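Right, one structure below, let's go through it.
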Amino acid sequence: PPGISYDRTVDRAVTPHGPSSGTGTVSSLTVANAGSVSPGHSLGTVTVVGNATFQSGSLYVAELGAAGTSDHLVVGGTLTAGGATLMLVPDDSFSPSYGATYQVFTAGSIASNFTVDNTVFGTMPAIYPFVGAELNDDGLLTLGRSAVSYTAFTRTVNQWQAASAADTLSPDSPLNQSLAALNGTDVPAAFSSLSGEAYASVKTGLQQQSAYLRDTASGRVRQAFARFDEPAKTAAKTVELVPGLSLTAWG
Numbered sequence: 004p005p006g007i008s009y010d011r012t013v014d015r016a017v018t019p020h021g022p023s024s025g026t027g028t029v030s031s032l033t034v035a036n037a038g039s040v041s042p043g044h045s046l047g048t049v050t051v052v053g054n055a056t057f058q059s060g061s062l063y064v065a066e067l068g069a070a071g072t073s074d075h076l077v078v079g080g081t082l083t084a085g086g087a088t089l090m091l092v093p094d095d096s097f098s099p100s101y102g103a104t105y106q107v108f109t110a111g112s113i114a115s116n117f118t119v120d121n122t123v124f125g126t127m128p129a130i131y132p133f134v135g136a137e138l139n140d141d142g143l144l145t146l147g148r149s150a151v152s153y154t155a156f157t158r159t160v161n162q163w164q165a166a167s168a169a170d171t172l173s174p175d176s177p178l179n180q181s182l183a184a185l186n187g188t189d190v191p192a193a194f195s196s197l198s199g200e201a202y203a204s205v206k207t208g209l210q211q212q213s214a215y216l217r218d219t220a221s222g223r224v225r226q227a228f229a230r231f232d233e234p235a236k237t238a239a240k241t242v243e244l245v246p247g248l249s250l251t252a253w254g
């Protein structure tokens, strides 16, 4: 069939050619090219009594929830999945954590395994570029630090230096764990905060703004010594006020 629901026991071989989902049991399963299997209607389990074969170009779509919870494909016989892709889909309860594991399938034996899709994890365009996902032959998916450097998305020297230091952190470091959820867009602001760059910029702005008071005082002195028939010269405007900050004095 082009696509089926597994919300029952199907006592025969099943060969879906399109999207298929549910939480039932089938005798055996062969997923054709362009076909897919997605257990449950959120998180769920599909059970195959005998063998399961995913042909080249087919998909196993596994949803990931809170740490340790995911869709599950149970194969009583042999799983053959060479050339097929495991597509990972985080649900609303998912939060990336280095070291988190997910049992996405179990099988009596495995002839060949899935290739993990990189749309979500482990590459620069991915949703979570700094988190890698590795799948072993026991069906256990483990999240860890990817090969993408934190420096890849930085824009300033200070950001780069903070990101370079973060690259040396151990995966179980609390700071490294909090950085796992970053995407490329988040990186500049996050590492500006870690570098102290924002503080330095504000401090410099306050120092520069004090020129208004300095210029006023200097202007009064020049006015006092000006000839009575000449207007006192006014100081040139040297700085602009930093938006959101009031006039400051700097000693």
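FYI, in our numbering the residues of the sequence shown are 4 to 254. Heads up, the beta-carbon is just placed ideally off N, CA and C, and yes, glycines get one too. Since we're looking at a predicted model, the values are computed, not measured.
Would you report the Cα separation of residue i and residue j, rounded to the nearest angstrom?
i: N186; j: A129; result: 8 Å
i: V119; j: M127; result: 16 Å
i: Y215; j: S195; result: Only weak support exists for where Y215 lies, its pLDDT of 48 falling under 50; the value from the coordinates is given anyway. Rounded to the nearest angstrom, the two C-alpha atoms are 29 Å apart.
i: L172; j: S198; result: 15 Å
i: S24; j: A169; result: 41 Å
i: G142; j: T48; result: 14 Å
i: V40; j: I113; result: 18 Å
i: L182; j: S30; result: 44 Å
i: A65; j: A165; result: 35 Å
i: T159; j: F57; result: 47 Å
i: L89; j: T72; result: 16 Å
i: H75; j: N116; result: 15 Å
i: N161; j: L46; result: 43 Å
i: D189; j: Y131; result: 11 Å
Give every residue of the same chain whose Cβ lies closer than 7 Å to the Cβ of residue i, excluding the five residues on either side of it in the sequence, and list them in chain order.
i: S96; result: G68, A69
i: D140; result: I113, N116
i: P174; result: Y101, G102, G147, R148
i: T207; result: Its pLDDT being 46, under 50, T207 is placed unreliably in this model, and the coordinates cannot settle the point.
Among the options, which has the Cα closest to the Cα of residue i?
i: Y153; options: S100, V92, T104, S167; result: S167
i: P177; options: G125, L32, G102, S149; result: G102
i: A84; options: L46, T104, T33; result: T33
i: T122; options: L91, P191, A35, S98; result: L91
Might you give, ordered along the chain, the residues of its own chain that have their beta carbon closer than 6 Å to the beta carbon of residue i, omitting 5 neighbours on each side?
i: P93; result: L67
i: V78; result: V51, A55, A110
i: W163; result: T154, T157
i: E137; result: T145
i: T81; result: N54, S112, A114
i: F108; result: L76, G142
For residue i, I'd like the list of residues in its chain whose CB is within less than 8 Å of its CB, leaving aside the five on either flank, ordered along the chain.
i: S100; result: A70, L146, Q180, A183
i: A150; result: G125, G135
i: T26; result: Y9, D10, P42, G43, H44, G47, T48, V49
i: N98; result: Here residue 98 turns out to be Ser, not Asn, going by the sequence shown. Cβ neighbours of S98 beyond the five flanking positions: A69, A70, A184.
i: A193; result: L182, L185
i: P325; result: Here the chain comprises residues numbered 4 to 254, so residue 325 is not present and cannot be evaluated.
With a threshold of 7 Å, establish whether the CB of residue i neighbours any heavy atom of the ligand FAD.
i: S176; result: What this structure holds is no ligand at all, so the ligand FAD is not there to describe.
Give the C-beta separation of residue i and residue j to the nearest angstrom, bearing in mind that I take them to be a contact with Cβ-Cβ under 8 Å.
i: R148; j: F124; result: 11 Å between Cβ atoms; not a contact.
i: Y63; j: A87; result: 7 Å
At the 8 Å Cβ level, is residue i part of the contact set with chain D, yes or no?
i: I130; result: Reference to chain D is not applicable here, since this structure consists of a single protein chain.
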